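Enquirer: In our numbering, the protein residues as written are 52 to 395. Here a beta-carbon is modelled for each residue, glycine too, at the ideal position from N, C-alpha and C. Just so it is clear, the structure is predicted and the values come from calculations on it, not from any experiment.
Printed below as a string of structure tokens:
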């Protein structure tokens, strides 16, 4: 189906565009009252993720409400470990919890992987089908998954953490087993993403949410090779890699076979371009807290960011939009971008 708004894809492909495209990480969520209405009628977040018609509805809500230039399928990065046999719960106001974690070689051996595991995620593919039909080509649809290190960190730690010390300890004490698990996660993620492409996504984003807690040496050993493998495997649609806090390996990230690099708010645009070169489109990197400011301050900050990045840029935040962000602030952010015009 031909896209009515292909601004995002034209930007990713390096074409000259009239303005930067804009979307927000976590745009389908609690900033929207219509999302909260749906959530209040369900048992929890996981029920929403696993109900294709509702997942599709909340995916499209920000396109209707905010007029962003892309939709991103409503799902969760932790569907991957669950598909492999490691169940998780999502505790309201606390986050994910794995009743059982990975501790031994036997635990890793017992996990299923690859296409077999990816087949357990039919509800995601169904949600993509419904979303594509309902979007009717209005904007591109983004599919995503977590990077292997980030998924690994939850499977070892069992929950969110400030340090992920259990996961990092495993890298030091059981490096061979760590690589075995990372391989299984990678193979499953590749199979999952390929299925998403089959079901119509126009772009893939890989989230390495906990990149910044590793040392440069650890990241080059336990993270980058697996992202590299994923990028090499996804060839039919462009890939974006967002490694939060990974400013210390910008040059390495710039060598990945992906089209776009997401940047958090701690990364200077000029430094990023100097380190990466001209080959990549950048995405980001406004501080999400900027959207709590006045409309004028949001406009000024957004415009300044656009000018700093130049024309190979997808406007987004440096992380997901926070749940209590004022909707008017989000709209000011989006509208500022949509009213911006590159000089000819």
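Please classify residue 149: does DSSP put it in a helix, a strand, or coil?
Expert: Note: residue 149 maps to coil in three-state DSSP.
Enquirer: Would you check if the distance between the CB atom of residue 296 and the CB atom of residue 335 is smaller than 8 angstroms?
Expert: Cβ atoms of residue 296 and residue 335: not closer than 8 angstroms.
Enquirer: Is it buried or exposed, residue 95, if we count other Cβ atoms within 10 angstroms and call 16 or more buried?
Expert: Burial call: exposed.
Enquirer: Hey, how far is the Cα of residue 76 from the Cα of residue 104?
Expert: About 21 angstroms.
Enquirer: What does the Cβ neighbour count give for residue 370, buried or exposed, with the cut at 16 atoms within 10 Å?
Expert: Buried, by the Cβ-count rule.
Enquirer: Reducing DSSP to helix, strand and coil, say where residue 248 ends up.
Expert: It is helical.
Enquirer: Under three-state DSSP, which class holds residue 259?
Expert: DSSP places residue 259 in strand when its eight states are reduced to three.
Enquirer: In the DSSP assignment, find the beta strand (DSSP E) that holds residue 64 and state where it starts and stops.
Expert: Element bounds for residue 64: n/a, residue is neither H nor E.
Enquirer: With distance defined between alpha-carbon atoms, name the residue in 348, 327, 330 and 324 nearest to residue 337.
Expert: The shortest Cα separation from residue 337 among 348, 327, 330 and 324 belongs to 348.
Enquirer: Please report the distance separating the alpha-carbon of residue 207 from that of residue 214.
Expert: Taking the straight line joining both Cα atoms gives about 12 angstroms.
Enquirer: Would you decide whether residue 120 is buried or exposed? Buried here means 16 or more other CB atoms lie within 10 Å of its CB.
Expert: Buried, because 16 or more other Cβ atoms sit within 10 Å of the Cβ of residue 120.
Enquirer: What would DSSP say about residue 162, mapped onto helix, strand or coil?
Expert: Here residue 162 sits in coil by DSSP.
Enquirer: State yes or no: is the C-beta of residue 302 within less than 8 angstroms of the C-beta of residue 280?
Expert: Contact flag unset, no.
Enquirer: To which residues does DSSP link residue 140 through a beta bridge?
Expert: Per DSSP, 148.
Enquirer: Taking 8 angstroms as the cut-off, does the segment 285-296 touch the segment 214-230 (at least 3 CB pairs, one atom from each stretch)?
Expert: In short, these stretches do not touch, since the Cβ pair count stays below three.
Enquirer: Just to confirm before moving on: does the CB-CB distance between residue 141 and residue 205 stay below 8 angstroms?
Expert: No, these two residues do not count as a Cβ contact at 8 angstroms.
Enquirer: Closest to residue 172 by C-alpha separation, out of 361, 246, 256 and 372, would be which residue?
Expert: Per the Cα distances, 246.
Enquirer: Compute the beta-carbon to beta-carbon distance between residue 373 and residue 339, rounded to the nearest angstrom, for a pair I have assumed lies under 8 angstroms.
Expert: Correct: roughly 5 angstroms between the Cβ atoms.
Enquirer: Among 385, 161, 169 and 375, which residue has its Cα nearest to the Cα of residue 249?
Expert: Minimum Cα distance to residue 249 is reached at 169.
Enquirer: Per DSSP, what kind of secondary structure is residue 126 in: helix, strand or coil?
Expert: Reduced to three states, the DSSP call for residue 126 is coil.
Enquirer: Using only the alpha-carbon positions, how far apart do residue 180 and residue 108 sit?
Expert: Cα to Cα, the separation comes out at about 12 angstroms.
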